[in-house]
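Visitor: Just passing along the structure, written as C-alpha cells.
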Amino acid sequence: MAVVENGSLSKAARVMNRTTPPIAKSIKDFETSLGKRLFKREKFGMTLTKDGQELYNDLRDLYLQEKEITKKHFSGYIINEANIYYDWGKESHLINLYQSAHQNNVQVNILRFNYDEVDEIVDYDGNTLILSSEQVVSERFSLQKIIENSPLGIYCRKELYEKFHYDLVTLLQKSTWLCDPAFYKSSLMSDLLAKIETVDNKTSVRQMDNIGCCQSFIQDGDFIGIIDHYPEEELIDKSLIYIPLNKILGKSVCYIYKSKSHSSVLNRFMGVVDKLGGEIN
Numbered sequence: 182m183a184v185v186e187n188g189s190l191s192k193a194a195r196v197m198n199r200t201t202p203p204i205a206k207s208i209k210d211f212e213t214s215l216g217k218r219l220f221k222r223e224k225f226g227m228t229l230t231k232d233g234q235e236l237y238n239d240l241r242d243l244y245l246q247e248k249e250i251t252k253k254h255f256s257g258y259i260i261n262e263a264n265i266y267y268d269w270g271k272e273s274h275l276i277n278l279y280q281s282a283h284q285n286n287v288q289v290n291i292l293r294f295n296y297d298e299v300d301e302i303v304d305y306d307g308n309t310l311i312l313s314s315e316q317v318v319s320e321r322f323s324l325q326k327i328i329e330n331s332p333l334g335i336y337c338r339k340e341l342y343e344k345f346h347y348d349l350v351t352l353l354q355k356s357t358w359l360c361d362p363a364f365y366k367s368s369l370m371s372d373l374l375a376k377i378e379t380v381d382n383k384t385s386v387r388q389m390d391n392i393g394c395c396q397s398f399i400q401d402g403d404f405i406g407i408i409d410h411y412p413e414e415e416l417i418d419k420s421l422i423y424i425p426l427n428k429i430l431g432k433s434v435c436y437i438y439k440s441k442s443h444s445s446v447l448n449r450f451m452g453v454v455d456k457l458g459g460e461i462n
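According to our numbering, the sequence shown is numbered sequentially starting from 182.
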C-alpha cells in the first residue's frame with residue numbers, strides 16, 4: 182500500500198523509515214505467495230498491474246479503516262474534518278451541507294476547483310465531496326447523486342425585461358452578462374452562447390468573482406446576473422426579477438461526487454444529500 186501511495190520503492194522506504202531492499206523483498210515474496218505479479222517496474226517508478234489494481238481496490242477501504250483506528254488509539258481522537266469542493270454557485274446546497282455537518286460535529290472546509298484541476302484535489306483520507314455542474318472524470322471519486330432540477334437563471338431589473346417586451350432571447354442579446362469565471366469556462370456557457378449569439382450579435386460578458394457584489398450594476402444599468410439559485414432575499418426589492426433559463430437550456434444539472442475511499446466522517450452527514458432533490462444515480 183505504501184508503494185502504491187508513493188509511486189516508488191525509494192519513496193515508500195523513506196515514508197516507512199526503512200531501506201529499499203527489504204521492502205522490495207517483501208513485495209517479491211508477496212507476489213510469489215499469491216502467484217501474481219502486482220507491480221510493473223518502470224524507469225520512473227512502479228505502477229500496478231491489472232491483478233495489482235484489483236487487489237488494491239479490495240484492500241483500500243480496510244487499509245484506510247485501519248489507519249483511522251490506529252490514529253484514534255495513538256492520538257485519542259479522529260479528526261472530524263470534511264472537504265467540499267465546488268465549481269461555482271451551489272450556494273443553497275453548500276449551506277445545507279454545512280449546517281448538517283455542523284449538527285454532526287464535523288468541521289467543513291469549502292473550497293473552489295477548476296475542471297482541469299480535478300486530479301489535484303487532495304482526498305484527505307476519503308473525506309471529500311465534489312459539487313459540479315459538469316461530469317467529473319476521476320478514479321478517486323464516484324458519482325453519488327445527480328440533481329437534475331438545479332436552477333439556472335437571470336437576475337435583473339424588471340424594467341429591463343419590460344424594455345425588451347419580455348423577450349428572454351433579446352434580453353440576453355442586448356444586455357451585458359455578469360457571471361462567475363468558472364461558469365464562463367463551462368459547457369453550460371458554451372451552450373447558452375451558441376443559442377443566443379448570431380453572426381451580427383456577439384454577447385458582452387464580464388467575469389465577476391462574486392455576483393453578490395454586482396448589485397449596483399444590476400440595479401442601475403443594463404446588466405444581468407447569471408446565477409444558479411433563486412435570490413429570495415434580493416428579490417425583496419420589487420424592482421428586481423428572476424427569470425429561469427430552462428426554456429432555452431433545458432434542465433441544469435448538479436453532480437455530487439464522493440470519495441471512493443472509506444470515510445466515516447462524511448458518512449455522518451451524507452444523509453442530507455438525499456434531501457437535496459433530483460434523482461439518485
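Cβ coordinates follow ideal geometry from the N, Cα and C atoms, glycine included.
Starting from residue 343, trace the alpha helix (DSSP H) both ways and give me its first and last residue.
Guide: As a working mapping, residue 343 is identified with position 162 in the sequence shown. Per DSSP, residue 343 belongs to the alpha helix (DSSP H) from 339 to 344.
Visitor: So for residue 204, helix, strand or coil by DSSP?
Guide: Against the sequence shown, residue 204 aligns to sequence position 23. Residue 204: helix per DSSP, three-state reduction.
Visitor: Name the DSSP bridge partner or partners of residue 199?
Guide: If you number the sequence shown from 1, residue 199 lands on position 18. Partner(s): none; residue 199 has no beta bridge.
Visitor: Can you give the Cα-Cα distance for residue 204 and residue 190, rounded to whole angstroms?
Guide: Position 23 of the sequence shown, counted from the start, is the residue given in the question as residue 204. Position 9 of the sequence shown, counted from the start, is the residue given in the question as residue 190. Using only the alpha carbons, I get a separation of about 7 Å.
Visitor: Apply the 10 Å Cβ neighbour rule to residue 409 and answer buried if 16 or more other Cβ atoms are within range, or exposed otherwise.
Guide: For the purposes of this step, residue 409 is taken as the residue at position 228 of the sequence shown. Of the other Cβ atoms in all chains shown, 16 or more fall within 10 Å of the Cβ of residue 409; this residue is therefore buried.
Visitor: In three-state terms, what does DSSP make of residue 414?
Guide: Translated into positions along the sequence shown, residue 414 becomes position 233. Looking at residue 414 - three-state DSSP - the assignment turns out to be coil, as it is neither helix nor strand.
Visitor: Could you check if residue 307 is buried or exposed, using at least 16 other CB atoms within 10 Å of its CB as the buried criterion?
Guide: By 1-based counting over the sequence shown, the position of residue 307 is 126. So residue 307 counts as buried.
Visitor: Just to confirm my understanding: we take residue 403, look at its own chain, exclude 5 residues before and 5 after, and list those with CB closer than 8 Å. What are they?
Guide: Along the sequence shown, read from residue 1 onward, the residue named residue 403 stands at position 222. Contacts found: 341, 355, 356 and 357.
Visitor: Using DSSP's beta-bridge definition, name the partner residues of residue 334.
Guide: Here residue 334 corresponds to residue number 153 of the sequence shown, with the count starting at 1. Partner(s): 408 and 425.
Visitor: Who are the Cβ neighbours of residue 319 in its own chain at under 6 Å, not counting the five residues just before and after it?
Guide: Taking the sequence shown and counting its residues from 1, the one referred to as residue 319 is at position 138. Here the set comprises 299.
Visitor: Could you pull the DSSP bridge partners for residue 377 from this structure?
Guide: Along the sequence shown, one-based indexing puts residue 377 at 196. Listed as beta-bridge partners of residue 377 by DSSP are no residues whatsoever.
Visitor: Between which two residues does the alpha helix (DSSP H) harbouring residue 302 extend?
Guide: The residue given as residue 302 occupies position 121 in the sequence shown. Looking at the DSSP string, residue 302 is not in any alpha helix (DSSP H), and its letter there is neither H nor E.
Visitor: Below 8 Å between beta carbons: does that hold for residue 442 and residue 242?
Guide: Locating residue 442 in the sequence shown gives position 261, where the first residue counts as 1. Locating residue 242 in the sequence shown gives position 61, where the first residue counts as 1. Yes, Cβ-Cβ distance for residue 442 and residue 242 is below 8 Å.
Visitor: If I'm right that residue 406 touches residue 395 with Cβ under 8 Å, what's the distance once you round it to whole angstroms?
Guide: Position 225 of the sequence shown holds residue 406. Position 214 of the sequence shown holds residue 395. Sure, about 6 Å apart at Cβ, within 8 Å.
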